[in-house]
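**Q** Provided herewith is a single structure, encoded as structure tokens, for subsequent inquiry.
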Amino acid sequence: MSETTLFSFGAVIFIIVFTGATLFGMASLKEYQDRTK
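Residue 1 is where the sequence shown starts when you use full-length UniProt numbering, and the numbers rise one by one after that.
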């Protein structure tokens, strides 16, 4: 496996994880705001 393949594979995984974390963070933040009101 070449470094370029490894790098692009890692970048794709990073984007997926980052997107998932952002969506989860926004959802839990919204839930927290609804509870504190």
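Using N, Cα and C, we set each Cβ at its ideal position, and we do this for glycine too.
Under the three-state reduction of DSSP, which class applies to Lys30: helix, strand or coil?
**A** Lys30 falls in the helix class under three-state DSSP.
**Q** Pick helix, strand or coil for Ser2, following the three-state DSSP scheme.
**A** In this structure, Ser2 counts as coil in the three-state DSSP scheme.
**Q** Between Met1 and Thr22, what straight-line distance do the alpha-carbon atoms span, to the nearest angstrom?
**A** Cα-Cα distance, rounded: 31 Å.
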